[in-house]
Amino acid sequence: MKKEGKNLRKFVKKSEDKFTKVDFSDSNVFKKIFFLILSNIKTIITLVCVFIVVCFAMVYAGSLDKQTLLLSLNYEEASDGQNPNYTRYNVYELKSDEVMERAIEHAGLQGVVTPTELADNIDIAENNSGKTIDPADENTYYISTSYTITYKKNRQIKNISTEDMMNLICKAYNDMFHDEYAGTKSVLQYDLGDIEDKEYIEIAKLFTNKSDQMLRYIEQRIDENSTYRSDITGQSFQTIRKMIQNVQNYSIKKYYAFALETGLSRNKDHYLRALSYKNDMLDIKYQKFMIDYNVRKDSVQNYDSAMIGTVMIPAISEKNEYYMSRTNIGTDYLTKEADYSLSQGSSVNRDIIKNNDIMEKVSNSTATDEDYQKAEELIAAVDAELKNVANIADTTDKEYIKHTTKDYLTFSSYDNSGDEIFILETVLGATVIFFVILCALYYIVDGYIRKKEDAVHE
């Protein structure tokens with residue numbers, strides 16, 4: 073017992089040993105603690121310094137396994153809590169399975185970590201308030217254009233740094249956001265669909281319609297930016313237009329000509345009845361257009377010649393200068409309407425002639441099994457060509473959308489000066505608490521030693 077007291081006295085020195093002239097006979101606890109601290113000040117300062125170093129070491133070690141970025145939404149609809157396509161914005165989609173799966177694929181971590189496990193290491197908070205978003209609370213509605221994204225290193229991921237993994241997550245989210253919300257689901261996502269019940273000649277028309285849709289879309293892009301070229305596909309919208317036109321002018325026309333000349337059909341009787349009915353409907357439309365045309369033509373011919381003159385009215389130009397402008401009269405409107413009816417009637421009549429030609433070819437068809445086999449091969453070839461062109465066009469278009477909307481989402485370094493102040497305040501507070509506990513502990517140990525020493529002397 074005596075040896076134990078001596079060992080403790082190596083770390084806890086009596087106040088009387090250092091302050092011989094101070095009277096410690098009174099029972100003032102604070103006075104005793106004060107002089108006890110002064111007597112052991114070196115040891116206490118050393119312990120406090122060690123505590124501070126350990127705290128900062130733990131904080132630093134934790135920061136190595138954590139990466140924080142600032143996500144900013146830089147488009148007009150964001151202030152209303154919406155995506156660019158006016159659907160509701162939900163920042164929690166950054167932790168969705170779709171984004172996590174993309175990030176895992178980018179990192180080559182399939183089988184190493186699951187989407188749920190990776191999402192558990194991501195925290196999202198509003199940048200202004202610092203309020204963490206609870207995805208389970210469906211009643212809350214946040215309108216914010218800035219968020220802090222924090223990724224804590226997943227221990228299962230060994231060979232990828234925290235910073236690199238964070239960048240891959242941001243890339244995956246940015247790709248998903250642009251695919252889903254920044255662009256539209258366009259006709260470039262080609263799909264021929266089920267053609268098992270479609271007639272061979274109708275399949276050719278289907279090829280033409282789908283390629284025309286793609287062509288119109290690409291021509292709109294050319295009007296927007298005729299010089300853009302994708303780094304991924306190496307193609308411009310002008311070269312893609314040429315690719316679509318080549319498929320139309322060669323492959324589709326070749327297939328259509330073969331199907332027409334051989335008179336191929338899956339169900340001859342049904343197809344002929346359908347074409348006959350279609351022609352009956354077209355003939356009704358043709359008769360209507362021609363009646364409209366003849367009525368207007370007769371009206372123009374019977375119009376009072378005295379009224380068919382040039383009518384001039386005073387007008388003012390963009391430069392605020394007066395001039396006499398020719399105005400339309402009744403015959404002008406009737407002539408335009410007659411021309412429209414005639415052009416529409418002629419178009420309908422051409423369709424009737426085409427259908428009659430198809431009906432004749434199908435009725436007199438002597439197609440062999442080899443002809444049907446060749447038709448299937450041509451269908452597969454045209455379908456593959458259009459799929460390839462559509463894939464190139466779609467990839468180029470997506471890259472173009474990212475190019476034009478690259479600032480919709482920005483990920484920037486997070487200003488952690490506030491966090492540093494918070495950490496300093498936290499460490500300082502913990503140090504004060506540690507110091508108080510240390511003082512109390514010294515006082516208790518000092519009292520314990522004194523009791524043991526008094527017991528030995530007795």
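Numbering (my numbering), first residue to last: 73 to 530.
The beta-carbon is built from N, C-alpha and C at its ideal position, and this holds for glycine as well.
Keep in mind that this is a model prediction, so the values were computed, not measured.
Check	Outcome
Check whether the region 175-186 touches the region 226-243, counting contact only when three or more Cβ pairs, one atom from each stretch, lie closer than 8 Å.	yes
One question on the structure: do Leu-166 and Tyr-253 come within less than 8 Å of each other, judged by their Cβ atoms?	no
What three-state label does DSSP hand Lys-203 in the structure shown?	Any reading at Lys-203 needs caution, since the residue's pLDDT is 47, under 50, leaving its predicted position unreliable; the model's value is listed next. Looking at Lys-203 - three-state DSSP - the assignment turns out to be coil, as it is neither helix nor strand.
Let me check understanding here. Comparing Cα to Cα, which of Ser-435, Lys-270 and Ser-302 lies closest to Asn-463?	Ser-302
Between which residues of its own chain and Tyr-328 is the CB-CB distance below 6 Å, once the five residues before and five after are set aside?	Ala-276
Counting C-beta neighbours from all protein chains within 10 Å, is the total for Val-185 16 or more, i.e. buried, or is it exposed?	buried
Following the continuous alpha helix (DSSP H) through Ala-456, name the residue where it begins and the one where it ends.	441-476
In angstroms, rounded to a whole number, what distance separates the CA positions of Leu-278 and Leu-264?	8 Å
From the DSSP output, in three-state form, read off Ala-378 for me.	Unreliable positioning characterises Ala-378 in this predicted model, as indicated by a pLDDT of 47, which lies under 50. The coordinate reading is nonetheless provided below. Looking at Ala-378 - three-state DSSP - the assignment turns out to be helix.
Can you find the residues in the same chain that come closer than 8 Å, C-beta to C-beta, to Tyr-158, ignoring five residues on each side of it along the sequence?	Glu-149
Let me confirm a value: Thr-118 is counted as buried when at least 16 other C-beta atoms fall within 10 Å, else exposed. Which label applies?	exposed
Compute the distance between the beta-carbons of Ile-215 and Val-163, then report whether it is under 8 Å.	no
Between Asp-364 and Ile-312, what straight-line distance do the alpha-carbon atoms span, to the nearest angstrom?	42 Å
Please say whether Ser-371 and Leu-414 have beta carbons closer to each other than 8 Å?	no
What is the DSSP secondary structure of Ile-304, reduced to helix, strand or coil?	coil
Which class does Asp-195 belong to by DSSP, given the choice of helix, strand or coil?	strand
If contacts are defined as beta-carbon pairs under 8 Å, then Tyr-472 and Pro-156 qualify, I think. What distance do you get, rounded to the angstrom?	That pair is no contact at about 15 Å.
Should Phe-128 go down as buried or exposed, given a rule of 16 or more other Cβ atoms within 10 Å for buried?	exposed
State yes or no: is the C-beta of Thr-299 nearer than 7 Å to some heavy atom of the ligand FAD?	What this structure holds is no ligand at all, so the ligand FAD is not there to describe.
Within the continuous alpha helix (DSSP H) that includes Ile-316, where are the two ends?	309-318
Over what stretch of residues does the beta strand (DSSP E) that includes Ser-484 continue unbroken?	481-485
With the cut-off set at 8 Å, would you say Asn-199 and Leu-145 are in Cβ contact?	no
Taking DSSP as the reference, what is the three-state secondary structure of Arg-338?	coil
Taking just the CA atoms, how far does Glu-296 sit from Arg-288?	13 Å
I believe Glu-457 touches Val-367 by the beta-carbon criterion, under 8 Å. Please report the beta-carbon distance rounded to the nearest angstrom.	Contact doesn't hold; Cβ gap of about 48 Å is too wide.
Give the single residue among Asn-226, Ile-194 and Ile-304 whose Cα lies nearest to the Cα of Thr-467.	Ile-304
Which of the three DSSP states, helix, strand or coil, is assigned to Ser-144?	strand
Exposed or buried, Met-353, counting other C-beta atoms within 10 Å across all chains shown (16 or more means buried)?	exposed
Considering Cα atoms alone, identify which of Thr-477, Val-259 and Ala-331 is closest to Gln-292.	Val-259
In terms of alpha-carbon separation, which member of Ile-109, Val-120 and Phe-102 lies closest to Phe-506?	Val-120
Take Phe-330 as the anchor and find which of Thr-482, Ala-465 and Ser-437 has the nearest alpha-carbon.	Ser-437
Would you kindly check if the distance between the Cβ of Asp-247 and the Cβ of Arg-174 is under 8 Å?	yes
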